[in-house]
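Heads up, the thing below is written out as C-alpha cells.
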Ligand SMILES: Cc1ncc(C[n+]2csc(CCOP(=O)(O)OP(=O)(O)O)c2C)c(N)n1
Ligand SMILES: Cc1ncc(C[n+]2csc(CCOP(=O)(O)OP(=O)(O)O)c2C)c(N)n1
Ligand code: SF4
Ligand code: SF4
Ligand SMILES: [Mg+2]
Ligand SMILES: [Mg+2]
C-alpha cells in the first residue's frame, strides 16, 4: 500500500512531475561524504541529468569524530529540467551518524526520506550530538519517512573476505551508501568502479573492498531486503535533462577559473606567472595551476599575499601575465600593491574567492561581501575594472575576459568569485576552443616615432608594454605620480589632474569593448527587475522563472561587469518600476547602482554564509509586486 | 606719484579696503622659507590679524640647490576679517632665486609685487631654472611690480662683524628678508628676536648674526634706501581682526590632533598607546606624541604599518586606548587588521593624514581621496565610523570625538585629515578644558549576573571591555565569527546573520549620540547647497559667503560625521533644489550621499594636489545657479 | 568569581570548556598538555596570563588554555603581543605560532620582537607544513616536499627557525618536540628567561606531514638522534658513547666517539648556554651527520624592551605634572581683550 | 635605438637624463658612482639589467641608472624582483634597498629571497636612519639614538643586517661603505656569485645621521677600524700589526698582536669565504673591541631558486604538448547526442 512505500518524492507536491530531486549526504568529516557526493554527482551527470551541488564542510581539518561541528555535508539537486541551484530543502537525507542527523534534519522537506546508519547511534555518539534519547526510536522524526539500519555492520560483512582492520573496513561505509543511492536512482556503477580502481591502483585490496561495499549497498536495495518491517523502497528514474549535443564534463569554479586563466594567457600568447599564498577557499586555484606547467605556467607560493601580488607585478613588468589569487583577508593585504599596478599601468589579474567576513570570519562559508573592497578599497583615486563570475561554468569565460581587459588596457583587473562557486560542481559543455578569437599581445620593440614615450597612449588610452631585455627602450617606472607621456616623476598640479583623469577615463573606456547588458528572463521595461551578480544567479533565475510562471511582471538582470558597467545599464534599469538587488552581503552592489544611476535599488540581503533559497527570493518578488 | 610707489595692495581691486593680504615666500629648500613663513605667521598672529597658511615643499629632503623641483614655498593670507583659506593668488611674492621666481610668479596677481634677491640671479642659477635671459632685466615681468636688489650682499654686510663663513653668513638671508617683510607690515621684531635667542642659545654668535640680519632688513625698509631709482615702498598696517576675547595660539593640524588625542584619552581616563610607522605627512603626529609621556602616552615606532595597528589593537585589548596613524599607502596595509578590531569589537582610533594618490603618488601634496577606503575599504561587511576634520583648530575636537566614539561603542574609528591640515597653521583660541565633559571608561570587573558574557550588550549594543589581569573574567577573542553573547567561535548561519546585523546596527546607532547636521551659511531649503567635508571648508565657506553677498541663494553644509551620517541629513539635503559637492578627489563623498539619500549630488572635483581656490568654487556656484 | 591562588592550581585548572578541535592524533594535543602541566609549576595565574596567537592549527591554542587569549590574524601575533605587554608589563605573555604563521607571513614580526627583546615566550610549532589550509609546503618544508601547491616537489631551501632567531638577535633559543617528556623543562627555562624566549617545538602533523621528525623523535632513534644540552654538561649523546667536539682546522663542529666515558680526552665541548658562537654552530648542525640539538641551546639575557620603555616613560615624565590646560596653552600665545581692536 | 655592446660601455653610458635628487654630500652619490664604474667592468648591458628598489632615499637609485628600473613600494622590492627574475631568468637583477626598506617593513621579503637564493645582488644602504621621512631612527640605529620619533633616545637593540642575512640562509655576505675605493670589488664579487648576494653598504646620511661610521670610514681611522677580508689571506689589520685569532677556551674571536709579521705564530685565522661558522663570528664582532669586517665575509654558492624552478617546469612539461582543447576536455566526460533523451 502506497503509504507503506518509502518514496523519495512523496515530499514533492502531489501531482507534480518528479522533475528534480534533492539529496543530501551528511556524515562525519572522516566519513568521506565529499567523495561520496562527488561520485554520485558524476554518475548523475553521466545519466544525463542536469544538476547543481553544494558541498558544506567544517572549518576544522578533521574535527573529532562524532561532534556537531565536525559534520560534513554534500547536497545535490538533479533533474530532467534545467537546474541552477543546489536546491532549497532536501527530499532525501543520508545521515551517517547522530551529529549529521541533528544538524541536517531540520532542513529536510516535511515527508522527506531519512536514511540513517543505526550502527552509529550508540550512546557515545548520541551524547556527542547532544541527544538525550535515540531519535531513531523515540518517534521524534515522525514527520519524515525513516529508513534506518546498521550500515556499519552490513559494510563490515561485505568486506570481511579482504581481511582489513576494523577501522579500514569501516572506511568503506561511504561506498556502501553510495551503492544504495545508485540503486535508488537506477544508476550505472561501472564508472565509479573504474574510478575506484585507478584511485587505489597502488592498493588493489582496498579497491576490491570498496567495490565490494559498493556492490553490496546496491544489492541491498535491489534484493528488497530493506526493512524487515516489510517496507519497500521505490526505485526512481529521473529522466535525462534536455541539453544541446556535445561533450560534457563536471567542473568546479576553482577548476574553470584555472582553465580560463590558462586559456586567456594562451589566447594572448603570453606566459602566465601565478603568485599565490594559500587561503581558503582560494587555494584550489594555486593547486590546479601548479600542475599545468606545459602551458607556460609558472606558479610561485610566496611568503605572504603582499609578496604574491608583488611578484606577479614584477612578472608582468618582465613580460608575463601576472596573476594572483586570494580571499578577503588576503585581498585586503594586497590593496597597497594594487595601487602600484594601477600607477605603473601593468596588466594583472587578481582573483578573489570571497568568503564570510569580516576579518577571518567564516573561512569555509560563502559570501559576496568583498564588492566594496573590489570597487572602492584602495587609497587615492584608484580605478580598477571588476568582473564577477555567476557559476562554475561561467567562471571560465570570465577568467578569459579578465585576461583580455588586463592586457588590452594595461590595468589590474579583479575577478570576483566565491566559496560556493569555487567548490560547487556543475555539468559543463566543453567549449570549442577554436571558437575563441585570440588577442595576441604585441610588446613594443622600437620607440614610437618622435622618440620613446613609456607613458604614450594608443586609442584605448593604453600605454605600451615594453619587456626588459629590449634594446634601446630602457626606462624606469614606479609608484610616484608620472608625467604624461614620458612617465618621469612629476609632482606638478596640472599633471596630477590630467593623469588622474586619464586613469579614470581609461578604465571607464573599457565599457566600449564589453557587451551591452542583456536581460536573462523577461524584457526591458516592466514592473520589477531583479538585479544580481555572482553566485546568486541560480536562485534568482529560478525565483524569477517561477514568479513569471505565476504571471508576475518581473525580469532578471545579472551583471558580469561590475566596473565599469555596461553603457546601457542606466537606461535599462530606469525602464523598470522597481529594482530589487539580492546579495549575500548587506547591500554593496546596491550602493554602486544608486550612485551611478540614481535609481531606487532596494536591497535583499542574506549574510548567513549560505546561498539564497529560491523561495526567499520568490517571496521578496511577491512582496515587491504586492 | 602713486604709480611710482610700490604698493603690495595695488593688486586689490581699486577702492576695496585692504581687508587682507596674501604673501608668498619662495626660495631654495636650503633657504629656510618654512622658518621665515612660520615666524612671519607668528608675528602676524601677535598683531591680531586672522590668518591661514599653506606650506608647500618638495618631496626631496634637500634637492640640489637652485633646481626647479627644489623650490620650497610658504604662503600666508592674513587680514582684518575672518580668514579661512591661505588665499588664492598672492599679492606679494618674495623670490629668493630664479627657480623660486619661475615656479611661483605665474600665481601672482596682475600688478602684484615681486621682491627678488638679484644676488642669486647669476648665470648658473638662471640656467638651473631654465631661464635663457635674466627675467629681472628682460622686462618679462612687466605686468607685475618688481623690486629687486642684492639681498645676499646686503646680508653678508650686515653680519660681517661676526666673522662667519660665507656659507653660514648667507644662511641669515631669510632673517634679513623677514626683517624687510616685518617692516612692510609694520610689525614688532621682539618676539622673533626672543625666538632666535632661544633657538641659538647654544651658539650665541649665530643668534646675534641672525638678529643683526633681521634688523638690517627692517632698517633697509625704513631708511627708504630702497630703489636707488627713487622708488619708495608703501608701508601697510592691516588692522587686527575682530576676535572673541581670550588666549590664542597658532596650531597646525598635526599638533591639534595630537593634543586632541591626549585630551580625549584623559577625558576617558585611559592611558594612550600610539603605534605608528613614519610616513609623510602623518609622521608629525608620532613626533608630537612621543614628547608627551607625562600624559600617560606610550609611543611605539613599529616595523611597519601592520605591526603599528596590530600593537595598538593589542594595547586596547590590554586596557589602553590604542591609536595608530598613517596616510594612504600605510592605511591600505592596515585594512586586514582593521577588520580584526571590528570583529573583536575593541576601541581603536586610526588617523589618516591623506596625501595625493594612488600608490606612492604625491607624498607631500594634499588630497581627499581616501574616503572610499575609509568607508568601504575592507573585506566583508565591516562597518566602521568615520569622521573628518575641517581645519587645524577643528581637528582638536574631532580627535576627542573619535576617542569618545571608540570607547563608548567599542569600535575602531577612522579620523580623516589631510596634508594641508596637517602642515597648515592657523590661530586657535585655546579651549577651556574644564568645559569638556569627561567620559570615563569603566572596565568590567565582575561578571554580568547570570554569568560572564564577553559579547553581552548594553543599550548602545556595546560589549564589555575586560582588562586581562581581571580575576575570574578570563576569555578568548579572535577574528573568527563570534557567537552572540558568549563570543565563542560560531559558524552557524543564523548567528552570522545576527552578528552581521548587530555590527551594522551598533555603528549606525552612533547617529544617536552625534549632533544633527547644521548649516554653516544660509538655511535649510533653497536653490543650492554646497556640501563639503574636511579641508575644503575654507574655500567653500568663502565662496558661499561671496556668492551670498552677491545675493545668490546658496547654503554651505560641512560634514564632520562621514559614517554614520547625522539623522537629519537626508531631509536637509532634500530641501535644496541642487546639491554641489566639491572634493579634492574624483567624487567620493558624492557616492555616499547618492547611495544613502538618493539625491542628485553633483561633484566638483580637483585632484591637482593643491587646495581649491575660492574662485573655482564661486564659479561652480554661479554656473549651478545660472 | 573564582580567584585562584597558584598553590591551588593543577593542569586541569588550565583547561577551558571549549572542545579541542585538532585532528585526532595531532601533536598539538601533547604540546597543550605540556603547557598545562608547566603553568602550575611556574606559579602562573590565569588572570595574569595571556596567550596570543596568529592563524593556523597551532594558533587555535589560546582557546584551550583557561587564561586570557587572543587569536589574532595570520602572522601578526608578535605585534599584537608587543602592544599587550607595553600596555601592561605585568602580564605574562605567551605567543603561539606555526612555521607558516611565524616564519612565512609573520617572519618580520618574529624578527623584530626578538631584536627588541620583548619579555615573552614564543612557541613556534614547527610541523614543516601548512596544516590548517590542508597541507601546502611551508618555509621549513624540506626540499622536494610534494604538496598540493608543489605537486612535483618544493624547490626552495628550507628556513632554519632557530638560526633565523639567532640571526634576528634572539637571546634565548630552546628546542623540544611535542611528545617529549622534557618539553615542560624547556618551557620552564624559556619562562625563567627575562626577555624574548624563542622555542622551536617539532610537531607531528599526522594528516599532512606524518612522522617527518620520526628519525629523532621515535624511541628507537632517541639515543642516536637526540642531543639534549645541559648547562655545564658535556655535549654527549648515544648514551654517552658519542659527543660533539670542535674541529680546530675547519673551525666547525664534529661528532667524536667517547671511549669508556672519557669525554675530556675526546675533546667534547662543555655546553655554555651563553656562548653565541657555539649556539650558531649548534642550530646549523645538519641532522643526520649530527644529532638534533635539543633543550636550551642559548640563554644570555639582556635588558628587555618593555622595561626600557617603562623606564624611559617614567624618566621623561619625572617632575612634570600632567595639566591639560597647560598643554593646550603651550607655544607662543597672545591674548585678545575686549575693545583691543579698532 | 642604440644597441650597445659591452666593450663600448663606460660609466657615463650608465647615467640617465634624470636630475639626481639626493642632498648635496649624501653618501648615495658615491655608491651610484661605484655602481656605474662596476657595470662596464662586469660586461653588463643596459637592456638586460634591471634595478628594483623599494621606497627611501636609497630606493631612488634606479632613476639614475641607464637600464630598466622599477621603483616599487616600501619594503617589497625583493618580492617584485623575484617575479621579474622568474619571468625572465636572463635578466641581471639588482635590488637596492635601505635599512628601513629592507630590514624594517621589508625584513620578511629580505629573509625569503635569501632563503630561496634567487640569483640577484641585494645592495642594502645602511645609514642607520630613515632618510626620506626626515630622520626617524631605524632598526639599525644604535641604542639611544635621538630622532623625531625618539626624542629621549631609542631603546631597542639594533638589528645586524649581515647577521640577519646569514640567519636567513644567505650564501654570500659582503660589506663595504659609500666612499670606499674597494666598493666596486665587493660589488663585482657579489655579481660573480651565482645566487642571492647580500651586500651591506654603510652610507653617510649627512643630514640626519652625519658621520655615524666615521670611526672606521675616515682615513685616520682606516688602519685600526677596517678589517678587509681576502680569501686565503690572514685576517690582518692595522697595517699587519694586528690580526683576528680564535680564542680556543671561549670559542670566540679575539684580536691578537702580530710581532714582526709572524701572523702564524699569533694564530691569526686565514680567511676562508666558505666557512660559515667563522662568518657568523665575523658579522657579530662588536665594533670597537674589534675592527669592522669588510669585503667578502662569506661566499659559498648553492643552486639558485630560479634555476630550480626553470628546471622543474621543463621537466614537468617534458613530453606533454600544450593542447587547450584537450585540457578543457579532461576529467570524466559524457556526450549528449540528439534524441538521446526521452
Ligand atoms: C592573511 C591570511 N592569509 C592566509 C591565510 C590562510 N592561512 C591560515 S593558517 C595558514 C598557514 C598555517 O600554517 P602554520 O602557521 O604552519 O600553522 P599549522 O596549521 O601548520 O599549525 C594560512 C596560509 C589566512 N588565514 N590569513
Ligand atoms: C607603506 C609605506 N610606509 C611608509 C612609507 C614612508 N617611508 C618612505 S621611505 C621610509 C623609510 C626609509 O628609510 P630607509 O629604507 O633606510 O631609506 P633611506 O631614506 O634611509 O635611504 C618610510 C618609512 C611609505 N612610503 N610607504
Ligand atoms: S592538520 Fe595537522 S596540524 Fe592541523 S590539526 Fe590536523 S594534524 Fe594537527
Ligand atoms: S636625507 Fe640623508 S640619505 Fe636622504 S638624500 Fe639626504 S643625505 Fe642622503
Ligand atoms: Mg605548520
Ligand atoms: Mg636608511
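Chains as they are written, first to last, in my numbering: chain A, -12 to 613; chain B, -12 to 613; chain C, 244 to 585; chain D, 244 to 585.
Even for Gly, the Cβ is constructed at its ideal location relative to N, Cα and C.
Nothing here was measured: the structure is a model prediction, and the numbers come from that model.
Using DSSP bridges, identify the partner residues of residue i.
i, result
"residue 519(B)", "545(B)"
"residue 592(A)", "570(A)"
"residue 274(A)", "Note: residue 274(A) sits in no beta bridge, so no partner."
"residue 363(C)", "439(C)"
"residue 547(D)", "None; residue 547(D) has no bridge partner."
"residue 373(D)", "379(D)"
For a cutoff of 9 Å on Cβ pairs, would you count residue i as touching chain A?
i, result
"residue 394(C)", "yes"
"residue 306(C)", "no"
Using 8 Å for Cβ pairs, my map puts residue i next to residue j. What's the rounded Cβ distance?
i, j, result
"residue 325(A)", "residue 371(A)", "7 Å"
"residue 414(C)", "residue 351(C)", "Actually they do not touch by this definition, with Cβ atoms about 19 Å apart."
"residue 576(A)", "residue 358(A)", "6 Å"
Would you say residue i faces chain B, with C-beta separation under 9 Å as the test?
i, result
"residue 334(D)", "no"
"residue 246(C)", "For residue 246(C), the pLDDT reaches just 48, beneath the cut-off of 50, and the residue's location in the model is therefore unreliable, although a value from the coordinates is still provided. With 9 Å as the cut-off, residue 246(C) counts as an interface residue toward chain B."
"residue 507(A)", "no"
"residue 369(A)", "yes"
Drop a sphere of 10 angstroms on the beta-carbon of residue i, count the other beta-carbons inside from all chains shown, and report buried for 16 or more, exposed for fewer.
i, result
"residue 217(A)", "Low confidence applies here, because residue 217(A) scores a pLDDT of 41, under 50, leaving its location unreliable and the question unanswered by this model."
"residue 153(B)", "exposed"
"residue 132(A)", "buried"
"residue 564(A)", "exposed"
"residue 192(A)", "exposed"
Would you check whether ligand 2 has a heavy atom nearer than 8 Å to the C-beta of residue i?
i, result
"residue 277(B)", "no"
Verify the contact flag: residue i, CB atom, against every heavy atom of ligand 1, threshold strictly below 8 Å.
i, result
"residue 312(A)", "no"
Closer than 8 Å to a non-hydrogen atom of ligand 6 - does that hold for the CB of residue i?
i, result
"residue 342(D)", "yes"
"residue 372(D)", "yes"
Can we count residue i as close to ligand 4, meaning its CB is less than 8 Å from some heavy atom?
i, result
"residue 298(D)", "no"
Is it the case that the CB of residue i approaches a heavy atom of ligand 7 more closely than 8 Å?
i, result
"residue 368(D)", "In the structure shown, ligand 7 is absent; the only ligands present are ligand 1, ligand 2, ligand 3, ligand 4, ligand 5 and ligand 6."
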